[in-house]
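K.L.:
Residue numbers (our numbering): 32 to 551. Each residue gets a CB set at the ideal place from its N, CA and C atoms; glycine is no exception.
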């Protein structure tokens, strides 16, 4: 057996995200990135993630300094102010400097010298004849807003804001702010109208629910517990503090609503991928990487390092015949399937957080895994079609938003969601999936983009089976697996029955429209 290389065709590039998501985005990660990847990845949250302020507080960092650091980070631009590689480099380097400098600020005294020791010394601000101006480095990270917010920030103001916003306070500490303990010694009590007041030197505190008789029973060394001007009882300081804790526990239990985190919907894996014609299993002979490129005109291909020779060969075979069947269902030449050498294919080489399969718009590559990716190819091709069409017609949004450009897509999207003025079961089922399950990699279950991809996969499955007697598990074996049994029957996030027939007709018209516009 010939050795199957890690890559074939042209180098796809841009698959370092898993590395920098672990160690953090660095300036060197910009090398080889295209404009789409820069727009996607060069962002504050990737370069300078939100610090764990609570953990830093527990490590002994001054809360005032942490609040100051938070103000600065929050004020920084979320992405480069201007487009282009040069500005992306300045933004990245500037963010990395600020990330490092702020991490050194452990006390308020260090924060007081932020302008001189950080902004000026590192070149974000500069002096010209006694006046300060913002450099291009400072402009790239949005330093004007930072300077404006910190210019007159004093320690006293920081403390007031921390108290007002309950910064880094625990739930119990926030709850405890409702209460005050007043020692009876040195306090007088008087009734004015219907209210009682505690008189202390220089202050008068309103207290509801306290009578003169009750006040007189309190010993001088005991404390009064007051909650929002209401008398809650008296006793020793320790006993009253325990009472506050008991109230917190009681009210937390009664007020807490258990909020279940949405779980991820995982369709059943396809253990063995088959290709059948009229129920008979078809043989899939070994295919080479060159045959894959020559037949479908892909831009390039990649294999993950975990794939051995056997699994690489199996992946090639499955993908080759899946794309061949896809071209058959679409009624296009095999060499047109990759949109004139634009589309790339990867096998477990560009993993994304446990996704079974995904399409990368920035590099126009479909990534599949041999096991979890099985059955998803038509779905991901639907996303690729969506994305590449949007770029062809000069839009940054998905093509499913381009209703005005193609009447057929408008008809398709309308048919997916409504039958007259009534919501389709497909749309209602997708909304139910949104209610119960977390978002997919491309958005909400009921979004146009996701509904189109699922409907497209069903269309390919139906055309192959009805017109050619072919069933291809690797291509669209998971089309009908997005469902669960609800209280009132099956809930499906894919088209079914008469709705599916109607949607398939609209996809037919849409594809005919695309062919007339020369996409295939």
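With distance defined between alpha-carbon atoms, name the residue in 93, 505, 495 nearest to residue 359.
P.N.:
Just measuring C-alpha positions, the residue of 93, 505, 495 sitting nearest residue 359 is 495.
K.L.:
Less than 7 angstroms separating the beta-carbons of residue 109 and residue 75?
P.N.:
yes
K.L.:
So, with DSSP's three-state summary, where would you put residue 217?
P.N.:
In the three-state scheme derived from DSSP, where H, G and I count as helix and E and B as strand, residue 217 is classed as coil.
K.L.:
Find the nearest neighbour of residue 400 within the set 379, 489, 271, 145, judged by alpha-carbon distance.
P.N.:
379
K.L.:
State the Cα-Cα distance for the pair residue 395 and residue 417, rounded to the nearest angstrom.
P.N.:
11 angstroms
K.L.:
For residue 373, which residues of its own chain have a beta-carbon under 7 angstroms away from its beta-carbon, when the five flanking residues on both sides are left out?
P.N.:
330, 395, 419
K.L.:
DSSP on residue 39, reduced to helix/strand/coil?
P.N.:
Strand.
K.L.:
Please confirm whether residue 356 and residue 503 have their CB atoms less than 7 angstroms apart.
P.N.:
yes
K.L.:
Here's a check: name, in chain order, each residue in its chain whose Cβ is nearer than 7 angstroms to the Cβ of residue 368, leaving out the five neighbours to either side.
P.N.:
327, 354, 357, 358
K.L.:
Determine whether the beta carbon atoms of residue 455 and residue 529 lie at a separation below 7 angstroms.
P.N.:
no
K.L.:
Out of curiosity, what's the CA-to-CA distance linking residue 264 and residue 211?
P.N.:
Here the C-alpha atom of residue 264 lies approximately 12 angstroms from the C-alpha atom of residue 211.
K.L.:
Considering only the beta carbon of each residue, do residue 510 and residue 488 sit closer than 7 angstroms?
P.N.:
Between residue 510 and residue 488, the CB-CB gap stays under 7 angstroms.
K.L.:
Let's test the definition: count the other Cβ atoms within 10 Å of the Cβ of residue 144 and tell me whether it reaches 16, buried, or not, exposed.
P.N.:
exposed
K.L.:
Using only CA atoms, which one of 311, 343, 351 lies nearest to residue 324?
P.N.:
Closest by alpha carbon: 351.
K.L.:
From the DSSP output, in three-state form, read off residue 234 for me.
P.N.:
strand
K.L.:
What are the boundary residues of the beta strand (DSSP E) that residue 108 is part of?
P.N.:
Run containing residue 108: none; DSSP gives neither H nor E here.
K.L.:
Any chance the stretch 181-192 sits against the stretch 70-90, with 3 or more Cβ pairs inside 8 angstroms?
P.N.:
no
K.L.:
Residue 405: buried (16+ other C-beta within 10 angstroms of its C-beta) or exposed?
P.N.:
buried
K.L.:
Look up residue 222 in the DSSP assignment and say whether it is helix, strand or coil.
P.N.:
Strand.
K.L.:
Within 10 angstroms of its Cβ, does residue 499 collect 16 or more other Cβ (buried), or is it exposed?
P.N.:
exposed
K.L.:
Mind checking residue 545: buried by the 16 CB within 10 Å criterion, or exposed?
P.N.:
buried
K.L.:
From the DSSP secondary-structure annotation, give me the bridge partner or partners of residue 211.
P.N.:
257
K.L.:
Take the Cβ of residue 225 as the centre, count every other Cβ of all protein chains shown within 10 Å, and call the residue buried at 16 or more, exposed below.
P.N.:
exposed
K.L.:
How long is the line joining the alpha carbons of residue 270 and residue 227, rounded to whole angstroms?
P.N.:
24 angstroms
K.L.:
How about residue 540 and residue 439: do their beta carbons lie closer than 7 angstroms?
P.N.:
yes
K.L.:
Mapping DSSP to helix, strand and coil, what is residue 77?
P.N.:
In this structure, residue 77 counts as helix in the three-state DSSP scheme.
K.L.:
For residue 264, list the residues DSSP reports as bridge partners.
P.N.:
256
K.L.:
For chain B, find out if any of its Cβ atoms is closer than 7 angstroms to the Cβ of residue 498; answer yes or no.
P.N.:
In summary, chain B is missing from the structure at hand, where a single protein chain is found.
K.L.:
So is residue 125 buried or exposed if we call it buried at 16+ other beta carbons inside 10 Å?
P.N.:
buried
K.L.:
If you follow the alpha helix (DSSP H) that residue 487 is part of, which residue opens it and which one closes it?
P.N.:
From DSSP, the alpha helix (DSSP H) with residue 487 extends over 479-499.
K.L.:
By the three-class DSSP mapping on this structure, what secondary structure does residue 12 have?
P.N.:
Here the chain comprises residues numbered 32 to 551, so residue 12 is not present and cannot be evaluated.
K.L.:
Please classify residue 314 as buried or exposed, where buried requires at least 16 neighbouring CB atoms within 10 angstroms.
P.N.:
exposed
K.L.:
Any idea what DSSP makes of residue 18, helix, strand or coil?
P.N.:
Coverage of the chain is limited to positions 32 through 551, which leaves residue 18 absent and any answer about it impossible.
K.L.:
If you check the beta carbons only, do residue 479 and residue 537 fall under 7 angstroms apart?
P.N.:
no
K.L.:
Can you list, in chain order, the residues of its chain whose CB lies under 7 angstroms from that of residue 260, leaving out five sequence neighbours each side?
P.N.:
237, 238, 239.
K.L.:
For a test of the three-state rule: what should DSSP assign to residue 550, helix, strand or coil?
P.N.:
coil
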